[in-house]
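J.:
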Amino acid sequence: MLRILLVTDTAKPIGELREILLQQGYDVLTDVASSTALLGSVERQRPDVVIIDTESPSRDTLEQLSVMNALAPRPVVMFTHDSDQQLIRAAVGAGVTTYVVDGLDADKLSPIIEVAMVRFAEDDKLRQRLAKVEQQLADRKLIDRAKGLLMDKRGMTEAAAFEMLRTQAMKQGVTLAEMARQIIAMADLLG
Numbered sequence: 106m107l108r109i110l111l112v113t114d115t116a117k118p119i120g121e122l123r124e125i126l127l128q129q130g131y132d133v134l135t136d137v138a139s140s141t142a143l144l145g146s147v148e149r150q151r152p153d154v155v156i157i158d159t160e161s162p163s164r165d166t167l168e169q170l171s172v173m174n175a176l177a178p179r180p181v182v183m184f185t186h187d188s189d190q191q192l193i194r195a196a197v198g199a200g201v202t203t204y205v206v207d208g209l210d211a212d213k214l215s216p217i218i219e220v221a222m223v224r225f226a227e228d229d230k231l232r233q234r235l236a237k238v239e240q241q242l243a244d245r246k247l248i249d250r251a252k253g254l255l256m257d258k259r260g261m262t263e264a265a266a267f268e269m270l271r272t273q274a275m276k277q278g279v280t281l282a283e284m285a286r287q288i289i290a291m292a293d294l295l296g
């Protein structure tokens, strides 16, 4: 059973949406009365999906979504009446997975939530791949810097410097990047 966190930044009651979700078998968590409490509520309640009901997303709501997306990312469905293209871009940039304009159709709610979850999962895979590639690039830069130090200090060829780095990493049971960090730290220490 999916756990849904409802958020509203309007004065209108959110009870109709709550009832529809309960009828469709979702576990609806305690409502968040304002977007300012969003991150704390997400961290405490750990929902599977966040649904925001708003007339038009405020700057505060979008800022809170950005913070939540950075620290505790979740699929976010936003129901709104505002179809302004800049606002849609800002909402998606802040972490909204699915932006729905003008109304809530009970029959479409489940597929909307499913699309948000699938889209979020795909985006998450891309974020993880990007983080892995960025780490590999950072490691490669460290290794190249360590090789350069070995080449300068010991008059080695690039191949010999790499072989020394690899051999030492194997002896110590660490990665090439960690060995490179150690060499760079020692070079920095010794001047």
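Numbering (my numbering), first residue to last: 106 to 296.
For every residue, glycine included, the Cβ atom is placed at its ideal position computed from N, Cα and C.
Grab the span of the beta strand (DSSP E) containing residue 158 for me, first residue to last.
T.: Looking at the DSSP string, the run of the beta strand (DSSP E) that includes residue 158 is 154-158.
J.: Using only the alpha-carbon positions, how far apart do residue 125 and residue 211 sit?
T.: For residue 125 and residue 211, the distance between alpha carbons rounds to 6 Å.
J.: Can at least three beta-carbon pairs, one atom from the region 216-235 and one from the region 178-193, be found at a separation below 8 Å?
T.: Yes, since at least three Cβ pairs between the region 216-235 and the region 178-193 fall closer than 8 Å, the two stretches touch.
J.: Report all residues from its chain with a CB closer than 7 Å to the CB of residue 119; omit the five preceding and five following residues, and keep chain order.
T.: Excluding positions up to five away in sequence, the list reads 111, 113, 136 and 158.
J.: State the Cα-Cα distance for the pair residue 224 and residue 202, rounded to the nearest angstrom.
T.: In a straight line, the C-alpha of residue 224 is about 7 Å away from that of residue 202.
J.: Please classify residue 128 as buried or exposed, where buried requires at least 16 neighbouring CB atoms within 10 angstroms.
T.: Answer is exposed; the Cβ neighbour count stays below 16.
J.: Pull up the distance between the alpha-carbon of residue 238 and that of residue 251, whole angstroms please.
T.: About 20 Å.
J.: Could you give the DSSP three-state label for residue 201: helix, strand or coil?
T.: Residue state, collapsed to three classes: coil.
J.: Ignore the nearest five residues each way along the sequence and tell me which others in residue 174's own chain have a CB closer than 6 Å to its CB.
T.: Answer for residue 174: 200, listed in chain order.
J.: Grab the span of the beta strand (DSSP E) containing residue 183 for me, first residue to last.
T.: Per DSSP, residue 183 belongs to the beta strand (DSSP E) from 181-185.
J.: Check whether the Cβ of residue 288 lies closer than 8 Å to any Cβ atom in chain C.
T.: Among the protein chains of the structure shown there is no chain C, as only one such chain exists.
J.: Taking the DSSP output, what are the residues bridged to residue 109?
T.: 133 and 154.
J.: So, do the region 278-289 and the region 251-269 have three or more beta carbon pairs nearer to each other than 8 Å?
T.: Because the criterion of three Cβ pairs below 8 Å is met, the region 278-289 and the region 251-269 touch.
J.: Within the continuous alpha helix (DSSP H) that includes residue 120, where are the two ends?
T.: It spans 120-128 - the alpha helix (DSSP H) in which residue 120 sits, taken as one unbroken run.
J.: Evaluate residue 188 with the Cβ neighbour count: other Cβ atoms within 10 Å of its Cβ, from every protein chain shown; 16 or more gives buried, anything less gives exposed.
T.: Exposed, since its Cβ has fewer than 16 Cβ neighbours within 10 Å.
J.: By the three-class DSSP mapping on this structure, what secondary structure does residue 279 have?
T.: Looking at residue 279 - three-state DSSP - the assignment turns out to be coil, as it is neither helix nor strand.
J.: Relative to the C-alpha of residue 208, which candidate in 261, 190 and 122 has its C-alpha closest?
T.: Nearest option by C-alpha distance: 122.
J.: Using a Cβ-Cβ cut-off of 6 Å (strictly less than) and excluding sequence neighbours within five positions of residue 277, which residues of its own chain qualify?
T.: Taken in chain order, the list of residues that qualify is empty.
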